[in-house]
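See structure below.
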Amino acid sequence: MKNNLKGRHFLTTQDWSVEELEQVFALAAKLKKAKKEGRPTPLLRNKTLYMIFFDASTRTRNSFETGMTQLGGHGIYLSPDKMQISHGENARDTAKVLSRYGEGIAIRHCAYGAGNAYLREVAANAGVPVINMQCDVYHPCQILADYLTIREKFKTTRGLKIGVAWTSAPNYVRPLSVPQSLILLMPRFGLNVTLAYPPEFRLMPEIEEQARKNAKGAGVKFEISHRFEDAFENADVVIPKSWGPLVTTRDTGEGLRLIEKYPSWRCDRERMALGHKRVIYMHPLPADRGREVTDEVIDGPQSVVYDEAENRLHVQKALMALTL
Amino acid sequence: MKNNLKGRHFLTTQDWSVEELEQVFALAAKLKKAKKEGRPTPLLRNKTLYMIFFDASTRTRNSFETGMTQLGGHGIYLSPDKMQISHGENARDTAKVLSRYGEGIAIRHCAYGAGNAYLREVAANAGVPVINMQCDVYHPCQILADYLTIREKFKTTRGLKIGVAWTSAPNYVRPLSVPQSLILLMPRFGLNVTLAYPPEFRLMPEIEEQARKNAKGAGVKFEISHRFEDAFENADVVIPKSWGPLVTTRDTGEGLRLIEKYPSWRCDRERMALGHKRVIYMHPLPADRGREVTDEVIDGPQSVVYDEAENRLHVQKALMALTL
Amino acid sequence: MKNNLKGRHFLTTQDWSVEELEQVFALAAKLKKAKKEGRPTPLLRNKTLYMIFFDASTRTRNSFETGMTQLGGHGIYLSPDKMQISHGENARDTAKVLSRYGEGIAIRHCAYGAGNAYLREVAANAGVPVINMQCDVYHPCQILADYLTIREKFKTTRGLKIGVAWTSAPNYVRPLSVPQSLILLMPRFGLNVTLAYPPEFRLMPEIEEQARKNAKGAGVKFEISHRFEDAFENADVVIPKSWGPLVTTRDTGEGLRLIEKYPSWRCDRERMALGHKRVIYMHPLPADRGREVTDEVIDGPQSVVYDEAENRLHVQKALMALTL
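Those protein sequence lines, which keep their order, are chains A, B and C.
All residue numbers for the first sequence refer to this note's numbering, where the first residue is 1 and numbers rise by one.
All residue numbers for the second sequence refer to this note's numbering, where the first residue is 1001 and numbers rise by one.
All residue numbers for the third sequence refer to this note's numbering, where the first residue is 2001 and numbers rise by one.
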């Protein structure tokens, strides 16, 4: 397996070919097996990944930092309030200086209209790979884990139906990055996608357009519906997940009002029963239990949420080992 | 030495037999010797311990994180305000996800009435060992270090008298976990215990009852007194230490008033003179100098506080090496 | 090369002889070469450095922590608000306890009139080396990196002119430590120093006096001017950098007023043109672009700021490898 990925940024799956992404999945499977068997994999010995978090995290921080440890290196958790970013240091200086010290920079920055721009500015100035740990537009590492999980469950993914559905959860305004990254990647691996949301919760138009092109290029279906159940009917995989009406309004009060307008958009046993009998339930966590999904479903036999969370570790280790 | 401790939680010493605890002390002594001689002990190479701190820490965080480094692994310091625990993630999800990534979870959570319950919920859902770094009820790692220190100083511990005494220190309401863990463990290793506190500062009734049973089972004395000096008279070891009147009142104003009612409960030269001539002074630190103890005593020849602090490192390394 | 530096504190370059500092530069050059060639340098395997930051940091934290990783050890980032320092733990206890666990303590504490005193108290009680990561008086690691950068650019440094100039930047009151450490060290390595500032921005009198002695001892010039251009005329190296009028006033409003009194003290193309044709521009970063320096200069061909930032890593690795 030849590695032509050394030094590459990973800001969105869209920048990488299917063949390049297959290298990640192949190495992820090997690293997962090695971990289960207790075999060391010191592919990044004494190397450093900087992990800059503008937003809170459990899975992302721990999976990246643990991943670096398992590869023999070290992940440094950085919070902008403790850095001189809070003293006005610009993205260019941060990028250029960190590139002189360590081997990679990973960033989470979900502020709508700002996060992706910051990542791209760091990437433009960095001499080392920049990895997107979630921004306002994309969450590519999550979606790699999602796809690996689907492939593990179904062996082959061509022709499967995945339903990506909005759910109603009021506690905070979540980014669009998960559904957007899902609809971009899944068609490229042969899945038919049904995206369901109330009209006010549309995704960024250019992303929906790109997803349509990706589906056409791969010869699969990409459909948008305003009916919750359409995401479930005959589906093999469902990912019901809340996000904010960010394209429609930036007003928090109005946003919360829109969320409360659709309380029945919640995944429950009845909706799961609409799917194929082998349907699996996925969610990137943390889920708003009771609002997004009933305990019965998320803790039930169709749920693969912990396998999905685990796969974050394996795909990210592969990604780092290939690029850093 | 056979290790049947792999995978075991360590929430309280009470769950472990004396023989199991002896395994910890035996390995701690070996690891301490190896460190002094500069010999590497990579027993947990590339392994990860998650350290979740709901409360501030110096000794605990640094001894655990340094311990993981010395064992070849890595400790990740986690603060709930930077995790999605602050976004409502429940203990079950935290436990299940972290268990998929790393090899152990350590938690400090001292909120009265909540800490131990949280630890037990994590332990019930975790696939890896959970270590108690101090909760509202127990501080078992501190007490392992205390016991190791006593054994180092006296060689044999059966028949020694240890005085555990309340002291008056107003700066913050400290948990009951240190005295409670002391009275549970020390009798099991043959020490006679005198516990002294003003009536309002009693410990949790079920813990005092269990301590009484432990003493009876080991054929040693466990006495409760309301006179400060009783903890010192003819003692071989004294641990005078403040805690809050949490069993009596949850009102902060009333609590501080009760603390101020007993200003003479402070360890000084006169009290130390009541002890056996070989008496040692212990304190888990940080001590409230001037209030809990005079500088003369804590910085004097009878004080072993830094040896005690050091032993945190060695017992915890042993504990991790045996369970993770 | 014999190492007689094991166990030595590094609070200021003034405490170390030129020969001792040369050992640092020599090892720094070797470590830099090894990193470029991808050769591992595990000189501090499984060793721990505690990094206590009372103030925000990007370069310092990341260069120290990455340095420890590259040397096979681990740096622990400590923020006093998460430690029991915030519960009144004194410097003595912090020093004595951390010395029992790990191999070195590094501290940044820039509060005027308090930082250096804290470092000295920790050093007096620590059983392991204490490294100054910047205090109110000194920033010796920065200046080691500065000198290494100058030597890399000019090969020999005797007889060069370095201009250290105050600049006008209002965003926050910066410490005196960088210019003070520059004027102390540079004469000892044969550079002629011109220090330029408006009268209200003088440095600590005892430091200026010591710099004068250092220059006399080395047979070079040390001049103080109140004209910005004097730092630039015929200079080989310029370091124009803001600092607060801390010796003159502790009043923030008055301080900001004094800063605004000299808006023309900014490094630009015209000032750079006054220097020797080979003149280089240096700055420890983060620079206040537009106020301290024009983008044209800091991003132009005379600027060596990223090489200077990189050298932080190499000199600090050498320093740690020699002392820890």
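Positions of the beta carbon are idealized from the N, C-alpha and C atoms, including for glycine.
Host alpha helix (DSSP H) of residue i (start-end)
i	result
Glu22/A	18-36
Ala1117/B	1115-1125
Leu148/A	140-154
Reduced DSSP secondary structure (H/G/I, E/B, other) of residue i
i	result
Cys110/A	coil
Glu1223/B	strand
Pro1175/B	coil
Arg312/A	helix
Asn4/A	coil
Ser2057/C	coil
Val2297/C	helix
Arg289/A	strand
Met282/A	coil
Val1304/B	coil
Val164/A	strand
Lys2216/C	helix
Pro1263/B	coil
Met1272/B	helix
Leu2049/C	strand
Phe2327/C	The question about residue 2327/C has no answer here: the residues shown for chain C are numbered 2001 through 2324.
Gly104/A	strand
Asn1234/B	coil
Thr1069/B	helix
Lys96/A	helix
Leu43/A	coil
Glu2209/C	helix
Leu2324/C	coil
Arg202/A	coil
Ala91/A	helix
Gly1253/B	helix
Ala1318/B	helix
Arg2158/C	coil
Distance CB(residue i)-CB(residue j) smaller than 7 Å
i	j	result
His2074/C	Thr1069/B	yes
Tyr2118/C	Leu2246/C	no
Arg108/A	Phe53/A	yes
Tyr50/A	Leu11/A	no
Arg8/A	Thr323/A	yes
Cys2267/C	Val2237/C	no
Tyr2077/C	Thr1066/B	no
Thr149/A	Asp307/A	yes
Gly275/A	Ala235/A	yes
Met1204/B	Ile1239/B	no
Val2304/C	Ile2280/C	yes
Ile2259/C	Ser2168/C	yes
Met1133/B	Thr1060/B	yes
Leu27/A	Leu71/A	no
Gln2180/C	Ile2224/C	no
Phe2222/C	Pro2187/C	yes
Whole-angstrom C-beta distance between residue j and residue i, which should lie under 8 Å
i	j	result
Asn116/A	Ala91/A	Not quite, the Cβ-Cβ distance comes to about 12 Å (not below 8 Å), so this is no contact.
Leu1185/B	Thr1013/B	5 Å
Lys2317/C	Leu2005/C	That pair is no contact at about 14 Å.
Range covered by the beta strand (DSSP E) that runs through residue i
i	result
Asn2132/C	2130-2135
Thr194/A	192-196
Gly75/A	74-78
Ser242/A	237-242
Counting pairs of Cβ atoms below 8 Å between the region 2280-2293 of chain C and the region 2261-2270 of chain C, do you hit three or more? Yes, they touch.
Is the region 139-151 of chain A touching the region 310-321 of chain A in the sense that three or more CB pairs, one from each, lie closer than 8 Å? Yes, since at least three Cβ pairs between the region 310-321 of chain A and the region 139-151 of chain A fall closer than 8 Å, the two stretches touch.
Pairs of beta-carbons, one from the region 1153-1166 of chain B and one from the region 1189-1205 of chain B, closer than 8 Å: are there three or more? Judged by Cβ distances under 8 Å, the region 1153-1166 of chain B makes contact with the region 1189-1205 of chain B, as three or more pairs qualify.
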